[in-house]
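A.B. asks:
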Amino acid sequence: MHLFIYSALSPAARHALMQQLPAGVMPVFRTDLAPEQQLAAFQRAEVVLGNVPPAWFTSSSPLPLRFWQIDSAGFERYRGLHLPFPVANMGDFFAWPCAETMVAGLLALYRQIPQLAVLQQQRRWVGAPLRAQTGLLRHKRVVILGAGAIGQAVREQLSGFRCTVQLLARTDPQAQLHSAAELLAVLPETDIVVNCLPGSAENFFSAELVAAMAPGSIYASVGRGNTTDEPALLAALQAGRLGGAVLDVTAQEPLPADNPLWTLPNVLLTQHTGGGQPREDEGKVEMLLHNLELLRRGEPLENLVELGRGY
């Protein structure tokens with residue numbers, strides 16, 4: 161079996177893969193090839209690990225692929241593909257660290273950590289006068305957009321702060337809200353909105369919803385940047401109507417240097433690092449090896465996705 165590893169694995173993860181590959185699996189690493197050799201290696205593969213360019217699937221010749229393991233949770237750029245073989249993503253692998261990033265950002269804003277970090281750089285002691293500016297995450301009213309793995313992890317972590325949490329999802333029975341209209345009705349009484357939506361929900365958090373947010377409330381996003389009306393959010397932040405934002409994702413990434421979000425004191429930009437964790441590459445290898453074994457046994461693969469639906 162020909163295995164093509166598009167992912168740029170760490171040396172430790174590469175070693176782990178080589179140590180555990182089943183007999184008869186012949187790996188080829190993209191990082192070992194010249195650019196002009198990579199497409200041909202992909203076209204010979206029966207299994208692929210990594211987020212290859214979408215254009216590689218447009219060949220007129222049929223591919224011998226039996227399985228494709230995406231190495232991320234999201235896969236929006238592949239939504240136009242219709243493939244005859246199973247495709248899996250990383251499932252809930254990134255959910256807990258993404259949730260921790262959101263909770264860390266919320267705590268930082270409420271506890272004035274960004275302002276304190278600036279004062280530390282300036283070697284300025286302000287002390288007691290800052291105490292009145294601090295807030296508490298405890299008992300906040302939160303709406304989480306999306307009831308998937310990340311949304312569930314955010315809810316679990318916020319439970320430790322005794323927050324009142326509602327989930328929004330169109331059909332999930334665990335959700336309390338099921339439409340933009342229902343969300344619009346509760347936003348004026350909501351302290352925090354956490355967006356965990358996939359890219360298929362393009363522009364869901366519209367200018368109308370931004371305008372309905374309670375004064376002083378906080379918007380956090382770890383889903384995909386295209387799900388938010390970013391100009392409307394930016395205007396609300398610049399006007400001081402919102403208390404702040406924690407943005408792991410933005411509409412354009414990398415965020416251009418001249419984007420005003422960089423300079424707003426009440427905005428934390430975590431630069432799409434939310435899913436980062438120790439041994440991240442090893443986790444990708446473990447997921448691939450697990451699904452390879454299921455494929456060998458003829459059993460259903462884990463974390464299968466439908467590219468056209470976006471989840």
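The sequence shown finishes on residue 471 if you use our numbering, and the numbering steps up by one all the way, no holes. Cβ coordinates follow ideal geometry from the N, Cα and C atoms, glycine included. Quick caveat: nothing in here was measured; it's all calculated off a predicted structure.
Below 8 Å, can you find three or more Cβ-Cβ pairs linking the stretch 265-281 to the stretch 296-311?
C.D. replies: yes
A.B. asks: Where does His175 fall in DSSP's three states?
C.D. replies: Looking up residue 175 in the sequence shown gives position 15. If DSSP states are grouped into helix, strand and coil, His175 belongs with the helices.
A.B. asks: Please confirm if the stretch 304-319 is in contact with the stretch 354-366, defined as three or more CB-CB distances below 8 Å between the two stretches.
C.D. replies: yes
A.B. asks: On a Cα-Cα basis, can you pick out the residue from Tyr166, Glu236, His175, Arg322 that is closest to Arg439?
C.D. replies: For the purposes of this step, residue 439 is identified with residue 279 of the sequence shown, where counting begins at 1. When each option's Cα is compared against that of Arg439, the closest is His175.
A.B. asks: Would you grab the beta carbon distance between Tyr166 and Val207 for me? Rounded to a whole angstrom, and I think it's under 8 Å.
C.D. replies: Position 6 of the sequence shown, counted from the first residue, corresponds to residue 166. Position 47 of the sequence shown, counted from the first residue, corresponds to residue 207. The pair is not a contact, with the Cβ atoms about 11 Å apart (cut-off 8 Å).
A.B. asks: Going by Cα to Cα distance, which pick from Gly404, Ala255, Leu452 is closest to Trp228?
C.D. replies: In the sequence shown, the residue the question calls residue 228 occupies position 68. Comparing Cα positions, the closest option is Leu452.
A.B. asks: Thinking C-beta only, is Gly400 closer than 9 Å to Ile378?
C.D. replies: In the sequence shown, the residue the question calls residue 378 occupies position 218. In the sequence shown, the residue the question calls residue 400 occupies position 240. No, the Cβ-Cβ distance between Ile378 and Gly400 is not below 9 Å.
A.B. asks: Closer than 6 Å by C-beta to Val185: which residues in its own chain qualify, once you throw out the five before and the five after it? Chain order, please.
C.D. replies: As a working mapping, residue 185 is identified with position 25 in the sequence shown. Met161, Leu163, listed in sequence order.
A.B. asks: Gly210 to Met447, Cα distance in whole Å?
C.D. replies: Here residue 210 refers to the residue found at position 50 when the sequence shown is read from its first residue. Here residue 447 refers to the residue found at position 287 when the sequence shown is read from its first residue. So the alpha carbons of these two residues sit roughly 12 Å apart.
A.B. asks: In this structure, how does DSSP classify Leu266 when only helix, strand and coil are distinguished?
C.D. replies: Your numbering for residue 266 matches position 106 in the sequence shown. When DSSP states are grouped into helix, strand and coil, Leu266 belongs to the helix group.
A.B. asks: Hey, Ala380 and Val406 are a contact pair by Cβ (cut 8 Å); roughly how many whole angstroms apart?
C.D. replies: If you number the sequence shown from 1, residue 380 lands on position 220. If you number the sequence shown from 1, residue 406 lands on position 246. Right, the Cβ-Cβ distance comes to about 4 Å (below 8 Å), so this counts as a contact.
A.B. asks: Is DSSP giving Tyr238 helix, strand or coil here?
C.D. replies: The residue you call residue 238 lines up with position 78 of the sequence shown. Helix.
A.B. asks: Taking the CB atoms as reference points, tell me whether Pro420 and Leu455 lie closer together than 9 Å.
C.D. replies: As a first step, residue 420 is located in the sequence shown; it is residue number 260 there, counting from the start. As a first step, residue 455 is located in the sequence shown; it is residue number 295 there, counting from the start. Not closer than 9 Å, so no.
A.B. asks: Could you tell me which whole beta strand (DSSP E) segments of length 3 or greater appear in the stretch 206-235?
C.D. replies: 207-209, 227-229
A.B. asks: Give the DSSP-derived three-state secondary structure of Phe164 in the structure shown.
C.D. replies: For the purposes of this step, residue 164 is identified with residue 4 of the sequence shown, where counting begins at 1. Judged by DSSP in its simplified three-state form, Phe164 adopts strand.
A.B. asks: Can you check which of these residues, Arg384, Gln437, Ala215, Ala396, is closest to Leu412 by C-alpha distance?
C.D. replies: In the sequence shown, the residue the question calls residue 412 occupies position 252. This sequence places Gln at residue 412; Leu is not what is there. Cα-wise, what sits closest to Gln412 is Arg384.
A.B. asks: Could you spell out the range, first to last residue, of the alpha helix (DSSP H) harbouring Gln203?
C.D. replies: In the sequence shown, residue 203 corresponds to position 43, counting from 1. Note, Gln203: alpha helix (DSSP H), 195-204.
A.B. asks: By the three-class DSSP mapping on this structure, what secondary structure does Pro257 have?
C.D. replies: Your numbering for residue 257 matches position 97 in the sequence shown. Of the three classes helix, strand and coil, the one that applies to Pro257 here is helix, per DSSP.
A.B. asks: At what residue ranges does the stretch 399-468 contain a whole run of the beta strand (DSSP E), taking only runs of 3 or more?
C.D. replies: Those beta strand (DSSP E) runs which fall completely within the stretch 399-468 and span 3+ residues are 404-407, 427-429.
A.B. asks: Which residue wins for smallest C-alpha separation from Ser360, given the options Arg457, Glu316, Trp256, Thr388?
C.D. replies: Counting from one through the sequence shown, the residue named residue 360 turns up at place 200. Closest option to Ser360, Cα to Cα, is Thr388.
A.B. asks: For my contact list, His432 and Val465 are in at a C-beta cut-off of 8 Å; report their separation, rounded to the angstrom.
C.D. replies: Taking the first residue of the sequence shown as position 1, residue 432 is located at position 272. Taking the first residue of the sequence shown as position 1, residue 465 is located at position 305. His432 to Val465, Cβ: 20 Å. No contact.
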